[in-house]
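Worksheet: the structure to be examined is printed underneath.
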Amino acid sequence: MSERIIIVGAGLGGLSAALAVRQAGHDVLVIERASHFSDSAGAGITITAPGMAAMDALGLRRQIHAASAPAPSTPLIHYATGEMFYNRAVPNLEDGEQEGPHRFIPRVTHRADLHALLNDACLDAGVDILTDASVIGYEQDRGGVTALLADGRRLDGDVLIGADGLRSKVRAQMIGDAEPNHTGAVAWRALVPVELVEDLLGGMDIAIHFGPTAHFMRYLVRNRTMLNCVGLVRTDAQARDGWATPSTVEELTGELAGWHHGLIDIIERIPEGMLFKWPLLDRDPLDNWVDGRVALLGDAAHAMLPYYGIGATIAMEDGVVLGRAMALEPDPLLALQTYQRSRLLRANSALLASRRLGEIYMGGSALDVITQPALMDWNIYAYDPGTVPLVQAGSHAETGEV
Ligand SMILES: Cc1cc2nc3c(=O)[nH]c(=O)nc-3n(C[C@H](O)[C@H](O)[C@H](O)COP(=O)(O)OP(=O)(O)OC[C@H]3O[C@@H](n4cnc5c(N)ncnc54)[C@H](O)[C@@H]3O)c2cc1C
36 MSERIIIVGA GLGGLSAALA VRQAGHDVLV IERASHFSDS AGAGITITAP GMAAMDALGL
96 RRQIHAASAP APSTPLIHYA TGEMFYNRAV PNLEDGEQEG PHRFIPRVTH RADLHALLND
156 ACLDAGVDIL TDASVIGYEQ DRGGVTALLA DGRRLDGDVL IGADGLRSKV RAQMIGDAEP
216 NHTGAVAWRA LVPVELVEDL LGGMDIAIHF GPTAHFMRYL VRNRTMLNCV GLVRTDAQAR
276 DGWATPSTVE ELTGELAGWH HGLIDIIERI PEGMLFKWPL LDRDPLDNWV DGRVALLGDA
336 AHAMLPYYGI GATIAMEDGV VLGRAMALEP DPLLALQTYQ RSRLLRANSA LLASRRLGEI
396 YMGGSALDVI TQPALMDWNI YAYDPGTVPL VQAGSHAETG EV
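Counting in my numbering, the sequence shown runs from 36 upward without gaps.
Okay, here's the thing in structure tokens:
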């Protein structure tokens, strides 16, 4: 039977879930507080191999290939000498048509392009997207669930998915936990027209400048017309939550004293008004993210640090697995339990692995990951949400319903 599924939040997680659940045959309404794309869309994003598998499962492989560039390996540049000292490739990569968990090559793109692609696919599939509508909570009973909007509207459905990000209102009601964890690290980001920096890139479309307590990733997006820069730095610098605290070239270069001019020169070409910073936050793992007819997804369920570049991938995986659970299990309460059982371990492992890698990267021993590859959990990239076996829920006893 077709259910009406309400998804709160049209981020990468919410839209992936919307498409997957729609493809499973349900009616879907997405409620988004912004009037258009979220402000985080002004940056690049890495889609790791499992993220590419998620796109494949959603039927969007051709579209994402057209909107992104492959990143099969990443040269690492020594922070002090400016020399490439390592070319890091995700191990065991095979080409896209092979079987197995490593069958997809990671890709990089502009967030807005990935977002637009998912948004268009949702609209084409018949998903309703309501913008300018902020959810403040939910009510539920044995017959259904209601999304409560800030403007007083009440929207009814059979299931509600909280995909409303790090500061999720749905999570706040369900879990009631405190502030996210501050980690003492800040991300700086900029998108720079390529003609301003082309002569400084050393012919590398992608690279990470790697130092003891900071690393700075840069890659070309939008058909090599823009350079995406993201620097993760351990610092006392303050930044507001969100993606849009303005910063200056002087502030960032001040954090990178002793770094080779090869990177500093690039940073100094970032035009005024194009450099932003935000604090790196995560949340503690949960052992439950379902409350009857309501479930959390993406950062709302498991906000993690970006050291593996995998947070959005995990959110998209959630969406694909939720769709599969809803296709498999006609009872929506059991479907949510199946979704949770199938995803908790994977998402929480990624969250904790990201935290551990952050401690290594920001703790002064980042360069150790080169000499001791075991410090990195490469298995994190060996997952396919389209084929991973689902862990089916047993009975209504698990849903809390009698
Ligand atoms: C510096 C940095 C770099 C990163 N780089 C990568 C990377 O390269 N690769 C990767 O995979 N991940 C990366 N991530 C992680 C990734 O950005 C997140 O994990 C991902 O965006 C989470 O998606 P989401 O849909 O769960 O949440 P969000 O993207 O936060 O989307 C939530 C949506 O919900 C909406 N919303 C919020 N509250 C409400 C409400 N009350 N009512 C209605 N709508 C609401 C918001 O407007 C938003 O559209 C990075 C993160 C950081 C901080």
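Quick reminder that beta carbons are idealized off the backbone N, C-alpha and C, glycines included.
Note that the coordinates shown come from a computational prediction; the quantities given were computed from them, not determined experimentally.
> Can you tell me whether DSSP reads Leu386 as helix, strand or coil?
Replying inline: The sequence position of residue 386 within the sequence shown is 351, counting from 1. Leu386: helix per DSSP, three-state reduction.
>> Check whether the region 409-427 and the region 345-356 are in contact - that is, three or more C-beta pairs closer than 8 Å.
In response: yes
>> Counting beta carbon pairs with one atom in the region 290-308 and one in the region 317-337, are three or more of them shorter than 8 Å?
In response: no
> Helix or strand or just coil, what does DSSP make of Arg142?
Replying inline: Taking the first residue of the sequence shown as position 1, residue 142 is located at position 107. Strand, per DSSP.
> Along the chain, which unbroken stretches of the beta strand (DSSP E) at least 3 residues long are found entirely within the region 201-258?
Replying inline: 216-228, 241-245, 249-256
> Relative to the C-alpha of Gly246, which residue among Asn263, Leu267, Val229, Val232 is closest?
Replying inline: Reading the sequence shown from its first residue, position 211 is the one you call residue 246. That would be Leu267, whose Cα lies nearest to the Cα of Gly246.
>> At a threshold of 8 Å, does Gly46 count as lining ligand 1 (C-beta to nearest heavy atom)?
In response: Reading the sequence shown from its first residue, position 11 is the one you call residue 46. Under cutoff, so the answer is yes.
> Relative to the C-alpha of Val340, which residue among Tyr374, Val221, Met90 is closest?
Replying inline: As a position in the sequence shown, residue 340 is number 305, starting the count at 1. Reading off the sequence shown, one finds Leu at residue 340, where the question assumed Val. Here the closest residue by C-alpha is Val221.
>> Using the three-state DSSP reduction, which class does Pro367 fall into: helix, strand or coil?
In response: To locate residue 367, count along the sequence shown from 1; it is residue 332. Correct three-state label for Pro367: helix.
> Among all the DSSP beta bridges, which residues are the ones paired with His113?
Replying inline: Residue numbering aside, residue 113 sits at position 78 when the sequence shown is read from its first letter. Paired residue(s): Phe245.
> Which whole-angstrom value is the C-beta distance of Leu152 and Leu226, which I expect to be below 8 Å?
Replying inline: Numbered from 1 along the sequence shown, position 117 holds the residue referred to as residue 152. Numbered from 1 along the sequence shown, position 191 holds the residue referred to as residue 226. 18 Å between Cβ atoms; not a contact.
> Would the beta-carbon of Trp313 be found less than 8 Å away from any heavy atom of ligand 1?
Replying inline: Along the sequence shown, one-based indexing puts residue 313 at 278. It does: the Cβ of Trp313 is within 8 Å (strictly closer) of some heavy atom of ligand 1.
> Opposite Leu184 in the DSSP bridges: which residues?
Replying inline: As a first step, residue 184 is located in the sequence shown; it is residue number 149 there, counting from the start. Paired residues: Val170.
> If Ala102 sits next to Thr144, beta carbons under 8 Å apart, how far is it from one beta carbon to the other, in whole angstroms?
Replying inline: Here the question's residue 102 lines up with position 67 in the sequence shown. Here the question's residue 144 lines up with position 109 in the sequence shown. Indeed, because the Cβ distance is near 6 Å, the residues count as touching under 8 Å.
> Whose C-beta lies closer than 8 Å to the C-beta of Ile171 among residues of the same chain, with five residues either side of it excluded?
Replying inline: Within the sequence shown, residue 171 is the residue found at index 136, counting from 1. For Ile171, where only same-chain residues beyond five positions count, the Cβ hits under 8 Å are Leu183, Leu184, Ala185, Lys204.
> Does at least one heavy atom of ligand 1 sit under 8 Å from the Cβ of Thr109?
Replying inline: On the sequence shown, position 74 is the one that residue 109 refers to. No, the beta carbon of Thr109 sits no closer than 8 Å to any heavy atom of ligand 1.
>> Check whether the region 110-123 and the region 381-393 are in contact - that is, three or more C-beta pairs closer than 8 Å.
In response: no
> Do the region 341-350 and the region 228-246 touch if we need at least three Cβ pairs shorter than 8 Å?
Replying inline: no
>> When you compare the region 158-170 with the region 306-324, are there three or more beta-carbon pairs, one atom per stretch, that lie closer than 8 Å?
In response: No: the two stretches stay apart, fewer than three of their Cβ pairs being nearer than 8 Å.
> What is the C-beta distance between Met351 and Gly86, in whole angstroms, given that I count them as a contact (C-beta under 8 Å)?
Replying inline: On the sequence shown, residue 351 is found 316 positions in, with the first residue counted as 1. On the sequence shown, residue 86 is found 51 positions in, with the first residue counted as 1. That belief holds up - the Cβ atoms of Met351 and Gly86 are roughly 6 Å apart, short of 8 Å.
> In whole angstroms, what separates the C-alpha of Leu255 from that of Gly187?
Replying inline: The residue labelled residue 255 in the question sits at position 220 within the sequence shown. The residue labelled residue 187 in the question sits at position 152 within the sequence shown. Their Cα atoms are separated by approximately 44 Å.
> Can we count Glu67 as close to ligand 1, meaning its CB is less than 8 Å from some heavy atom?
Replying inline: Looking up residue 67 in the sequence shown gives position 32. Yes, since a heavy atom of ligand 1 falls inside the 8 Å radius drawn around the Cβ of Glu67.
> Should Arg381 be counted as a contact of ligand 1 given a C-beta to heavy atom distance under 8 Å?
Replying inline: Working through the sequence shown from its first residue, we reach residue 381 at position 346. No, the Cβ of Arg381 stays beyond 8 Å of every heavy atom of ligand 1.
>> Restricting to Cα atoms, I'd like to know which of Glu67, Gly293, Tyr416, Gly399 is closest to Ser169.
In response: By 1-based counting over the sequence shown, the position of residue 169 is 134. For Ser169, the nearest C-alpha among the options comes from Glu67.
> Can you give the Cα-Cα distance for Arg146 and Gly77, rounded to whole angstroms?
Replying inline: Position 111 of the sequence shown, counting from 1, holds the residue named residue 146. Position 42 of the sequence shown, counting from 1, holds the residue named residue 77. The alpha-carbon atoms of Arg146 and Gly77 are separated by roughly 7 Å.
>> Let me check understanding here. Comparing Cα to Cα, which of Asn414, Arg381, Ile40, Tyr374 lies closest to Leu190?
In response: The residue given as residue 190 occupies position 155 in the sequence shown. Ranking the options by Cα distance to Leu190, first place goes to Ile40.
> Got a sec? Which residues, its chain only, sit under 6 Å from Ala409 by beta carbon, not counting five neighbours each side?
Replying inline: To locate residue 409, count along the sequence shown from 1; it is residue 374. Here the set comprises nothing.
> What distance in whole Å lies between the Cβ atoms of Arg269 and Thr248, which are believed to be in contact at a cut-off of 8 Å?
Replying inline: By 1-based counting over the sequence shown, the position of residue 248 is 213. By 1-based counting over the sequence shown, the position of residue 269 is 234. Sure, about 4 Å apart at Cβ, within 8 Å.
> Under a Cβ-count criterion, where at least 16 other Cβ atoms within 10 Å of its own Cβ denotes burial, should Gln58 be classed as buried or exposed?
Replying inline: Taking the first residue of the sequence shown as 1, we reach residue 58 at position 23. By the 10 Å Cβ count, Gln58 comes out buried.
> Ile42 to Arg97, Cα distance in whole Å?
Replying inline: As a position in the sequence shown, residue 42 is number 7, starting the count at 1. As a position in the sequence shown, residue 97 is number 62, starting the count at 1. Computed Cα separation, rounded: 26 Å.
> What residues in its chain sit with their C-beta under 8 Å from that of Glu132, if we drop five residues either side in the sequence?
Replying inline: Locating residue 132 in the sequence shown gives position 97, counting from the first residue. Since pLDDT at Glu132 reaches only 49, below the 50 mark, its modelled position is unreliable, and the value read off the structure follows with that caveat. Correct list, in chain order: Arg138.
> Just the Cα atoms here: how many angstroms apart are Leu379 and His337?
Replying inline: Within the sequence shown, the letter at position 344 stands for residue 379. Within the sequence shown, the letter at position 302 stands for residue 337. Taking the straight line joining both Cα atoms gives about 9 Å.
> Smallest Cα separation from Ser37: which of Leu363, His150, Ile405?
Replying inline: Numbered from 1 along the sequence shown, position 2 holds the residue referred to as residue 37. With distances taken between Cα atoms, Ser37 lies closest to Leu363.
> What do you reckon, is the C-beta of Ile112 under 8 Å from a heavy atom of ligand 1?
Replying inline: Taking the first residue of the sequence shown as 1, we reach residue 112 at position 77. Incorrect: Ile112 has no Cβ contact closer than 8 Å to ligand 1.
> Candidates Leu392, Gly398, Gly46, Asp276: which alpha carbon is nearest Asp199's?
Replying inline: Sequence index remark: in the sequence shown, residue 199 carries index 164 (1-based). Selected option, being the one with the closest Cα: Gly46.
>> Checking 9 Å against the spacing of the C-beta atoms, do Met397 and Thr218 come in under that value?
In response: Here residue 397 refers to the residue found at position 362 when the sequence shown is read from its first residue. Here residue 218 refers to the residue found at position 183 when the sequence shown is read from its first residue. Yes, they are a contact pair.
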